[in-house]
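Below you'll find the structure, written out as structure tokens, and then a few comments.
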Amino acid sequence: MDVPEASSAAGQRMQVQFDAVDAAARALPNQVAALGQTRQTLTARSVPAEWLGQVPGSQTAATGHAGNIAESVRQLTAAGGRLDNIIGGMQATSTGTRAFDDAKTKKQQEQNQQLAQVEYPPGQRDKALAVLKEIEAKNPISVAAVARNQLEEVMWLRNFESGQIGDHYDKDVRELLGKPPTDANLLELARTETEFWYSGRGSYLGMTMGPDWRYGYLLSSRADWLTELTPALREDAQHRIFPMSP
Numbered sequence: 002m003d004v005p006e007a008s009s010a011a012g013q014r015m016q017v018q019f020d021a022v023d024a025a026a027r028a029l030p031n032q033v034a035a036l037g038q039t040r041q042t043l044t045a046r047s048v049p050a051e052w053l054g055q056v057p058g059s060q061t062a063a064t065g066h067a068g069n070i071a072e073s074v075r076q077l078t079a080a081g082g083r084l085d086n087i088i089g090g091m092q093a094t095s096t097g098t099r100a101f102d103d104a105k106t107k108k109q110q111e112q113n114q115q116l117a118q119v120e121y122p123p124g125q126r127d128k129a130l131a132v133l134k135e136i137e138a139k140n141p142i143s144v145a146a147v148a149r150n151q152l153e154e155v156m157w158l159r160n161f162e163s164g165q166i167g168d169h170y171d172k173d174v175r176e177l178l179g180k181p182p183t184d185a186n187l188l189e190l191a192r193t194e195t196e197f198w199y200s201g202r203g204s205y206l207g208m209t210m211g212p213d214w215r216y217g218y219l220l221s222s223r224a225d226w227l228t229e230l231t232p233a234l235r236e237d238a239q240h241r242i243f244p245m246s247p
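My numbering puts the first residue of the sequence shown at 2, with every later residue one more than the last.
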């Protein structure tokens with residue numbers, strides 16, 4: 002999972018937590034209302050002492066009954082108050098945490114955007130692939146076709162540490178990319194691309210590989226590319242790449 006996907010997944014999990022807290026806060030007022038209804042029911046069951054007339058012990062029973070109801074009402078009132086406090090606390094926590102996370106997310110996005118603008122122009126590896134495909138469409142048997150096959154193998158990098166590789170393919174080596182993928186042309190691409198990565202337009206990742214490695218990788222990519230061609234196109238390619246072959 003790359004960074005954007007991981008950030009999106011984390012954001013979704015956080016949103017689920019916010020939604021759960023909000024749902025709980027919305028449900029609690031129903032419990033407060035239920036407590037209020039119970040309190041009203043208990044209050045309605047108070048029995049005036051005179052209703053019992055001269056029944057022995059009626060005054061004591063009435064007093065005890067009234068006391069029990071009063072205590073229950075007090076407890077229900079206190080419970081309702083505690084729930085009100087919980088509701089307020091949950092809502093304040095959810096609102097405050099959401100605002101804090103939103104602010105952090107916005108700041109991180111701004112930092113990422115600034116970093117991308119300062120270090121690496123956006124979409125350069127994607128642009129490089131688009132340039133290679135454009136040239137290959139006009140010249141199926143070309144250095145671009147081999148380079149495209151190579152680039153697609155490492156597209157998991159996307160535009161990370163891509164420098165200005167798209168501009169390099171588009172402006173610096175477009176003519177070379179349109180030539181047949183002979184050993185000499187692939188060697189020239191390896192040389193010019195290594196110079197590019199070591200220039201101010203490259204990146205640290207590109208500087209970790211030298212021309213010999215690039216040339217060897219291009220030769221391997223060419224071998225894979227040839228096996229993917231139709232028999233007729235493969236025969237034509239072999240004659241262009243290896244003129245002396247039968």
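In this text, a Cβ means the ideal position worked out from N, Cα and C, and glycines have one as well. As the structure is a computational prediction, the values presented were derived from the model and not from experiment.
Under DSSP, the alpha helix (DSSP H) around residue 169 begins and ends at which residues?
On the sequence shown, residue 169 is found 168 positions in, with the first residue counted as 1. Judged by DSSP secondary structure, residue 169 falls outside any alpha helix (DSSP H); it is assigned neither H nor E.
For residue 172 and residue 144, which I take to be in contact (beta-carbon distance under 8 Å), what is that distance rounded to the nearest angstrom?
What you label residue 172 is simply residue 171 of the sequence shown in a count that begins at 1. What you label residue 144 is simply residue 143 of the sequence shown in a count that begins at 1. Not really, about 16 Å apart at Cβ, beyond 8 Å.
In this structure, how does DSSP classify residue 230 when only helix, strand and coil are distinguished?
By one-based count along the sequence shown, residue 230 stands at place 229. DSSP places residue 230 in the coil class of the three-state scheme, outside both helix and strand.
Under 8 Å by Cβ, that's how I've got residue 141 and residue 234 pegged, so tell me the actual separation to the nearest angstrom.
Walking along the sequence shown from the start, residue 141 turns up at place 140. Walking along the sequence shown from the start, residue 234 turns up at place 233. The Cβ separation is near 7 Å, so the contact holds.
Compute the Euclidean distance between the alpha carbons of residue 130 and residue 231, then round it to the nearest angstrom.
Along the sequence shown, one-based indexing puts residue 130 at 129. Along the sequence shown, one-based indexing puts residue 231 at 230. So the alpha carbons of these two residues sit roughly 22 Å apart.
Per DSSP, what kind of secondary structure is residue 180 in: helix, strand or coil?
In the sequence shown, residue 180 corresponds to position 179, counting from 1. Coil, per DSSP.
Simplified DSSP assignment, three categories, for residue 174
Here residue 174 corresponds to residue number 173 of the sequence shown, with the count starting at 1. In the structure shown, residue 174 falls within a coil segment according to DSSP collapsed to helix, strand and coil.
Can you give me the Cβ contacts of residue 183 inside the same chain, cut-off strictly under 6 Å, excluding the 5 residues immediately before and after it?
For the purposes of this step, residue 183 is taken as residue 182 along the sequence shown, with counting starting at 1. 242.
Is it buried or exposed for residue 200, if we count other Cβ within 10 angstroms and need 16 for buried?
Here residue 200 is taken as the residue at index 199 of the sequence shown, counted from 1. Around the beta carbon of residue 200, a 10 Å sphere encloses fewer than 16 other beta carbons of the protein chains shown; the residue is thus reported as exposed.
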